Amino acid sequence: MDNKTEQKYIQTLQKASVRIKDLMKQVESLKKKEPIAVIGMACRFPGGADTPEKFWEILEKGVDTVTEVPPDRWDAEKYYDPDPEVPGKIYTAMGGFLDSPIDRFDASFFNISPKEASRMDPQQRLLLEVSWEAVENSGLNAASLKGSNTGVFIGISGDDYSDSRKLPQLYDKINAYSITGTTFSTAAGRISYVYGFEGPCMAVDTACSSSLVCLHLACRSLQLGESDAAMVCGVMLNISPGTHICFSKLQAISPDGKCKSFDASADGYVRGEGCGVIMLKRLSDALKDGNSVLAVIKGSAVNQDGKSNGLTAPNGIAQQKVIREALKDAGISPADIGFIEAHGTGTALGDPIEVESVGTILNEGHSKENPLLIGSVKT
5 MDNKTEQKYI QTLQKASVRI KDLMKQVESL KKKEPIAVIG MACRFPGGAD
55 TPEKFWEILE KGVDTVTEVP PDRWDAEKYY DPDPEVPGKI YTAMGGFLDS
105 PIDRFDASFF NISPKEASRM DPQQRLLLEV SWEAVENSGL NAASLKGSNT
155 GVFIGISGDD YSDSRKLPQL YDKINAYSIT GTTFSTAAGR ISYVYGFEGP
205 CMAVDTACSS SLVCLHLACR SLQLGESDAA MVCGVMLNIS PGTHICFSKL
255 QAISPDGKCK SFDASADGYV RGEGCGVIML KRLSDALKDG NSVLAVIKGS
305 AVNQDGKSNG LTAPNGIAQQ KVIREALKDA GISPADIGFI EAHGTGTALG
355 DPIEVESVGT ILNEGHSKEN PLLIGSVKT
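Following the working numbering from start to finish, the sequence shown increments by one per residue and tops out at 383.
So, in structure tokens, the structure goes:
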């Protein structure tokens, strides 16, 4: 082979290499934009909503599931005072609490010893139970998922149990299971361990948005090929009065136990609890595998306020930006949106900012004849 022929072959290979790289970038881009299918779900919410169907029935009928603090949680009368300025007190004893006892758990079903189970945060136990139901609801076989590239993404923020077990008078009761029973990382890791999942595994705490941020991270993990399936969870249990007292001092809770989202009389939200778990797959895989497709996630976005009016104050500009980015990621226009499930904190500061942000970005394509409906499950 002479030098000219060799150079010609090299140039051809170089062009082919560049073209292959371009095609690979296109494939990766398409993967990132692939819709995500929800193939299974399970829940535990106040009002006896221990299935998605029962939860929907409660929403459909407008049932008020707010009650007084159950006596097995804490002595509400001991901590109650209508004056929010009184130290160490709560000015409302109302909240959304699970009907079923949180101290019951079939430890042997999950191959957990009674001694270890007794040191587990009830949130960890609830996650195991509801995650199992979500797997069953998806039609998947738990045993077949062992060794699979399934990711676990848990939104968890409350640590009432951990705080109540680390008081000085209880130091002598700390044992080898105290750490694994209370840390957020173990709450996620325990699920991967029990099922034998080998995909990404993480606990996320971004306060009210924790489970939605987990959903975003799970979608990205699936689109990037990190995971072939994903379990997304959110859990919160109000076990002791400490956090309730904290929010009372912020005066963020409605005194009458009613969250009046978007209403002129709104005076705070109502603390609730529960657990929700959904199973995800790439839409193409779900269709190929014959899974039930309960919903399709077209796009998502996450951002932060940065330096704004205050650490806890909502930032309208940042909210508008994240909505715009989510639309872009989904490849849809404002006119395609028919309903918004809002945060709706029921506060004079948060509600107007949220509604204005939604209206600014999603107003296009809507009218009296084609309204954009907005609601909040809190209210």
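Glycine included, C-beta positions come from ideal geometry on N, C-alpha and C.
Note that the structure is predicted; figures quoted are calculated from it, not measured.
Item, Value
"Helix, strand or coil at Cys263 [DSSP, three-state]", "coil"
"Endpoints, the alpha helix (DSSP H) within which Cys410 is located", "Any question about residue 410 goes unanswered here, given that the chain covers just 5 to 383."
"Val134 CB to nearest heavy atom of the ligand GDP below 6 Å", "Ligands are entirely absent from the displayed structure, and the ligand GDP is therefore not among its contents."
"Status (buried if at least 16 other CB within 10 Å, exposed otherwise) for Ala352", "exposed"
"Short Cβ contact (7 Å threshold) for Met240 with Gly162", "yes"
"The beta strand (DSSP E) enclosing Leu130, as first and last residue numbers", "It is not in any beta strand (DSSP E) - Leu130 instead sits in the alpha helix (DSSP H) that spans Pro126 to Asn141."
"Distance, Glu81 Cα to Phe109 Cα", "29 Å"
"Local Cβ density within 10 Å of Ser304, reported as buried at 16 or more and exposed below that", "buried"
"Check whether Gly143 and Gly200 have beta carbons under 7 Å apart", "no"
"C-beta atoms of Ser380 and Ser269 nearer than 7 Å", "no"
"Inside the segment 133 to 200 only - beta strand (DSSP E) runs reaching at least 3 residues", "154 to 160"
"Close-in-space but distant-in-sequence residues of the same chain around Pro385 (CB under 7 Å, 5 per side omitted)", "Residue 385 lies beyond the range of the chain shown here (5 to 383); nothing can be said about it."
"Touching by the beta-carbon criterion (3+ pairs, under 8 Å), the segment 211 to 221 and the segment 65 to 81", "no"
"Distance between Ser182 and Cys212 (C-alpha atoms, nearest Å)", "26 Å"
"Per DSSP, cross-strand counterpart(s) of Thr247", "DSSP, once it has assigned bridges, lists no residue as partnering Thr247."
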